[in-house]
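Written out below as structure tokens is the structure these notes cover.
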Amino acid sequence: MLQIQTIRENAQFVIDKLKVKNVDATENISKILALDAEIRALKTSLDNNLMEQNRLSKEIGILFKSGKAADAAPLKDKIAELKISEKEDQTALDQKEQEIIDILVLLPNLPHDSVPVGFGANDNEIIHKEGDDSNMDETAVPHWDLVKKFDIIDFELGTKITGAGFPVYKGKGAKLQRALINFFLDSASAENYTEVQPPYMVNKDSAYATGQLPDKDGQMYHATVDDFYLIPTAEVPVTNIYRDVILKESDFPIKNCAYSACFRREAGSYGKDVRGLNRLHQFDKVEIVQIQHPYRSYQTLEEMRNYVMGLLRKLELPFRVLRLCGGDMSFTSALTYDMEVYSKAQQKWLEVSSVSNFEAFQANRMKLRFKDEETGKTKLAHTLNGSALALPRIMAALIENNQTDKGIVIPQVLRKYTGFDIID
RNA sequence: GGAGAGAUGGCCGAGUGGUCGAAGGCGCACGCCUGGAAAGUGUGUAAACGCCGAAAGCGUUUCAAGGGUUCGAAUCCCUUUCUCUCCGCCA
Numbered sequence: 049m050l051q052i053q054t055i056r057e058n059a060q061f062v063i064d065k066l067k068v069k070n071v072d073a074t075e076n077i078s079k080i081l082a083l084d085a086e087i088r089a090l091k092t093s094l095d096n097n098l099m100e101q102n103r104l105s106k107e108i109g110i111l112f113k114s115g116k117a118a119d120a121a122p123l124k125d126k127i128a129e130l131k132i133s134e135k136e137d138q139t140a141l142d143q144k145e146q147e148i149i150d151i152l153v154l155l156p157n158l159p160h161d162s163v164p165v166g167f168g169a170n171d172n173e174i175i176h177k178e179g180d181d182s183n184m185d186e187t188a189v190p191h192w193d194l195v196k197k198f199d200i201i202d203f204e205l206g207t208k209i210t211g212a213g214f215p216v217y218k219g220k221g222a223k224l225q226r227a228l229i230n231f232f233l234d235s236a237s238a239e240n241y242t243e244v245q246p247p248y249m250v251n252k253d254s255a256y257a258t259g260q261l262p263d264k265d266g267q268m269y270h271a272t273v274d275d276f277y278l279i280p281t282a283e284v285p286v287t288n289i290y291r292d293v294i295l296k297e298s299d300f301p302i303k304n305c306a307y308s309a310c311f312r313r314e315a316g317s318y319g320k321d322v323r324g325l326n327r328l329h330q331f332d333k334v335e336i337v338q339i340q341h342p343y344r345s346y347q348t349l350e351e352m353r354n355y356v357m358g359l360l361r362k363l364e365l366p367f368r369v370l371r372l373c374g375g376d377m378s379f380t381s382a383l384t385y386d387m388e389v390y391s392k393a394q395q396k397w398l399e400v401s402s403v404s405n406f407e408a409f410q411a412n413r414m415k416l417r418f419k420d421e422e423t424g425k426t427k428l429a430h431t432l433n434g435s436a437l438a439l440p441r442i443m444a445a446l447i448e449n450n451q452t453d454k455g456i457v458i459p460q461v462l463r464k465y466t467g468f469d470i471i472d
């Protein structure tokens with residue numbers, strides 16, 4: 049959520065920035081400014097009213113103590129009068145505050161200066177490319193056929209047990225996935241990320257704090273009996289560790305990593321992109337989360353990007369890095385890099401990681417702050433996160449790119465985790 | 001799931017209707033003391049919001065959350081959430 053103070057002080061700047069995300073906020077911003085002025089006037093009037101009531105109550109207390117209780121009656125009448133206008137102010141205030149929040153919550157985060165203008169995936173800026181992204185010959189087999197041939201992932205079985213998008217990993221397929229998870233977690237630990245195992249279900253407050261609610265309500269599985277949501281990413285529970293927390297500057301940077309299963313309804317996506325492992329309802333991911341001082345968050349974003357690039361390099365996968373354009377960025381993000389690996393058999397780039405700086409947007413919703421040593425004031429911290437990495441598409445690319453006559457060759461870096469060097 | 005007890009500041013803990021944002025202790029910060037440190041000692045030690053911005057100052061709110069009684073609630077009543085103990089169930 050944008051800070052009301054930012055809007056109050058830089059309304060035009062906010063409007064201009066939101067245009068980069070293709071949002072015309074002119075009307076909403078002027079509504080917000082009007083409501084904000086009304087709210088402050090009401091607050092002042094209400095505060096003065098309450099102050100008067102408190103003063104009179106104290107007087108009554110003194111009268112009671114000194115045995116002059118009878119003299120209190122006129123004061124009581126006065127308070128009764130004040131209470132009528134208090135109630136009016138309070139009702140109006142509650143209503144206006146709800147109104148302003150209802151609008152604020154719909155405004156996305158402001159994009160960073162470096163974010164290119166654009167409407168969709170085609171407008172993203174390719175800022176880096178690495179590895180051999182030539183295509184394989186015509187005999188190359190897509191992963192959904194390979195996994196069947198080697199009996200390592202069974203989509204039909206998952207459909208029987210649950211439904212489409214819930215595959216069953218078997219034998220060396222299950223082991224390869226576990227190897228990747230361990231490789232990712234060990235790598236993060238080596239970079240001083242503290243490993244956590246979060247809950248896979250969260251309450252409404254948590255889903256709201258990281259921005260899944262109210263914007264992406266329909267994308268999460270909802271366990272209605274207890275009103276819990278299945279997490280779409282570990283970002284949600286891990287970032288919420290720091291909800292309503294005031295940090296010290298010396299706590300920065302906070303670095304957490306977490307493996308979790310992720311659950312996404314993916315309502316509205318059908319067709320070619322959902323084939324095989326490309327888009328699932330349940331998948332595994334290792335997530336890295338950092339909380340940083342506002343001055344250093346962009347430096348941290350670059351570190352995180354470099355870290356993820358390093359993982360892809362070790363896995364010997366061709367990849368590219370995109371700087372997302374305004375139209376393709378998420379609601380909460382100020383700057384996002386996507387990493388895509390090239391699947392030589394599908395002849396397609398597959399998104400395997402998204403690294404973002406949310407600046408103070410999530411922190412504002414979840415009241416994640418720190419004490420500024422210079423001023424002694426509490427200020428909002430910056431939150432960042434990234435996938436490091438999402439498993440299914442990595443699996444798909446490894447299986448496809450490493451197919452040989454003899455089987456699927458396991459990259460060197462994973463062999464100590466898998467215990468085998470080929471799937472055949 | 002049933003029965004009971006509880007939830008107070010960074011932590012421990014007092015407070016059962018009035019001047020209580022809250023005693024005391026610990027911790028922390030700064031100072032004194034010391035050659036230096038410990039001990040001792042003094043002072044300070046929450047957040048949000050409003051009063052045109054900043055500072056100062058003033059005010060409002062906050063003792064799990066929400067509602068109620070009262071001129072006045074940490075304190076009384078109701079609801080919810082959570083924690084602990086016992087019983088039941090159980091990986």
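Our numbering applies: residue 49 is where the first sequence begins, and numbers increase by one. Even glycine gets a Cβ: it sits at the ideal position worked out from N, Cα and C.
Whether residue i touches residue j by CB criterion (9 Å)
i: residue 49; j: residue 153; result: yes
i: residue 434; j: residue 352; result: yes
i: residue 439; j: residue 228; result: yes
i: residue 309; j: residue 331; result: yes
i: residue 110; j: residue 80; result: no
i: residue 406; j: residue 436; result: no
i: residue 418; j: residue 299; result: yes
i: residue 379; j: residue 253; result: no
i: residue 206; j: residue 198; result: no
i: residue 261; j: residue 443; result: no
i: residue 303; j: residue 258; result: no
i: residue 151; j: residue 58; result: no
Buried versus exposed, by CB contacts within 10 Å (16 or more), residue i
i: residue 176; result: exposed
i: residue 119; result: exposed
i: residue 414; result: buried
i: residue 103; result: exposed
i: residue 276; result: buried
i: residue 232; result: buried
i: residue 445; result: buried
i: residue 404; result: buried
i: residue 420; result: exposed
i: residue 343; result: exposed
i: residue 265; result: exposed
i: residue 225; result: buried
i: residue 402; result: buried
i: residue 124; result: exposed
i: residue 467; result: exposed
i: residue 454; result: exposed
i: residue 286; result: buried
Residue i - containing beta strand (DSSP E), residue span
i: residue 306; result: 302–311
i: residue 384; result: 383–391
i: residue 277; result: 276–278
i: residue 368; result: 367–371
i: residue 132; result: Here residue 132 belongs to no beta strand (DSSP E); instead the alpha helix (DSSP H) covers 121–152.
i: residue 404; result: 396–405
i: residue 243; result: 242–244
i: residue 378; result: Counting along the chain, residue 378 falls outside any beta strand (DSSP E), and DSSP gives it neither H nor E.
i: residue 409; result: Where residue 409 is concerned, there is no enclosing beta strand (DSSP E), although the alpha helix (DSSP H) it sits in stretches over 409–414.
Beta-carbon contacts of residue i that lie in its chain and below 7 Å, excluding the five residues immediately before and after
i: residue 181; result: 366, 390
i: residue 65; result: 158, 159
i: residue 245; result: 306
i: residue 84; result: 52, 56, 148
Cβ distance (whole Å) where residue i is taken to contact residue j below 8 Å
i: residue 188; j: residue 451; result: 7 Å
i: residue 312; j: residue 280; result: 5 Å
i: residue 164; j: residue 373; result: 5 Å
i: residue 91; j: residue 141; result: 7 Å
i: residue 456; j: residue 470; result: 7 Å
i: residue 396; j: residue 183; result: Actually they do not touch by this definition, with Cβ atoms about 10 Å apart.
i: residue 360; j: residue 387; result: 6 Å
i: residue 340; j: residue 428; result: Actually they are not in contact, since the Cβ atoms of residue 340 and residue 428 sit about 11 Å apart, beyond 8 Å.
i: residue 333; j: residue 408; result: In fact, because the Cβ distance is near 25 Å, the residues do not count as touching under 8 Å.
i: residue 424; j: residue 69; result: No, residue 424 and residue 69 are not in contact; Cβ-Cβ is about 35 Å, not under 8 Å.
i: residue 218; j: residue 202; result: 6 Å
i: residue 368; j: residue 55; result: Contact doesn't hold; Cβ gap of about 36 Å is too wide.
i: residue 441; j: residue 400; result: 5 Å
The alpha helix (DSSP H) enclosing residue i, as first and last residue numbers
i: residue 206; result: 203–209
i: residue 88; result: 74–113
i: residue 68; result: 59–68
i: residue 353; result: 345–362
i: residue 176; result: Note, residue 176: premise wrong, no alpha helix (DSSP H); beta strand (DSSP E) at 173–178.
i: residue 284; result: 283–288
i: residue 214; result: From DSSP, residue 214 is part of no alpha helix (DSSP H); its letter is neither H nor E.
Contact set for residue i: own chain, Cβ-Cβ below 8 Å, skip 5 residues either direction
i: residue 10; result: No answer is possible for residue 10: the residues shown for the chain start at 49 and end at 472.
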